[in-house]
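Protein chains in written order, with my numbering: chain A, 49 to 162; chain B, 40 to 151.
All residues carry an ideal CB built from backbone N, CA and C; glycine is no exception.
Only a predicted model underlies this, so the values are computations on that prediction, with no experimental measurement involved.
Worksheet: the structure to be examined is printed underneath.
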Amino acid sequence: GAVVSQHPSRVICKSGTSVKIECRSLDFQATTMFWYRQFPKQSLMLMATSNEGSKATYEQGVEKDKFLINHASLTLSTLTVTSAHPEDSSFYICSARTGGQPQHFGDGTRLSIL
Amino acid sequence: GQQLNQSPQSMFIQEGEDVSMNCTSSSIFNTWLWYKQDPGEGPVLLIALYKAGELTSNGRLTAQFGITRKDSFLNISASIPSDVGIYFCAGQLRGNTGKLIFGQGTTLQVKP
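Next up, the structure:
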């Protein structure tokens, strides 16, 4: 149980493109979803916390207009990187949890901006 | 802000050896979690700890929630090549947001 699916697994696109990443909880309803960014050989850095039906809470230093988060249902959250530039290239990972359970992670999205 | 100090940063061991890694913090956590991350994938939950002093096993893995609620360790017994990866501890603060603070990770390499 507790399967989280993230799509796409890899994106390569030109600078200025907006990219949408989906995160789905497949076998449970996620009251909260989280979005992380991970640079090579580093730990996970929390970008934002998303609760279904409400606005996401962004961590300090994360631009909410740059990284748009939508959490329209209990099984789906999306992260849109708007007008992506090479410095946005990274590994983006989502996680989901319900109730007092631990976070379960998707397999990540490798974003490469040319 | 809150920080978790995870050590060691990396380990290179022989197959069959036991491994130990730990996390400490100046903050009190109500939950400790241990995850493993393989290259290019998301972290996978190994063990969750919910009570101070709790000792929990998952196969060859054993983890403990420190009595002070500020530390945790993970042991791997009789390591095998597929144990290779990055291990992260994560602490969850009091409250119900579910937000985690992650350690810096321990990179484990196992020589067959």
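Run through chain A and tell me which residues come within less than 8 Å of A87 of chain B, C-beta to C-beta.
P150
Can you tell me whether V52 of chain A is buried or exposed, with buried defined as 16 or more other CB within 10 angstroms of its CB?
buried
Those residues which DSSP pairs with A96 of chain A across a bridge
A:W83, A:Y106
Can you check whether the CB of I69 of chain A is closer than 8 Å to the CB of A96 of chain A?
no
Nearest-angstrom Cα distance between A120 of chain A and Y106 of chain A?
17 Å
Paired residues, beta bridge with A12 of chain B - DSSP
Chain B is shown only over 40 to 151; residue 12 of chain B falls outside these bounds and no answer can be derived.
Measure from the alpha carbon of S66 of chain B to the alpha carbon of each residue in B:G137, B:Q148, B:G130, then state which is nearest.
B:G130
Going by C-alpha distance, which of B:S121, B:G134, B:I140, B:N114 is nearest P47 of chain B?
Looking at B:S121, B:G134, B:I140, B:N114, the one whose alpha-carbon comes closest to that of P47 of chain B is B:N114.
Where K89 of chain A falls, given that 16 or more other Cβ within 10 Å makes a residue buried:
exposed
Would you call the segment 51-69 of chain B in contact with the segment 119-134 of chain B, where contact means no fewer than 3 C-beta pairs closer than 8 Å?
yes
Just reading off the beta strand (DSSP E) that A129 of chain B is part of, what are its end residues?
124-131
For F51 of chain B, count neighbouring C-beta atoms within 10 Å of its own C-beta (all shown protein chains included) and say buried if the count is 16 or more, exposed if not.
By the neighbour-count rule (16 or more Cβ atoms within 10 Å), F51 of chain B is not buried but exposed.
Just to confirm the assignment, what range does the beta strand (DSSP E) spanning R108 of chain B have?
From DSSP, R108 of chain B is part of no beta strand (DSSP E); its letter is neither H nor E.
A132 of chain A: buried (16+ other C-beta within 10 angstroms of its C-beta) or exposed?
Its Cβ being crowded by 16 or more others within 10 Å, A132 of chain A is buried.
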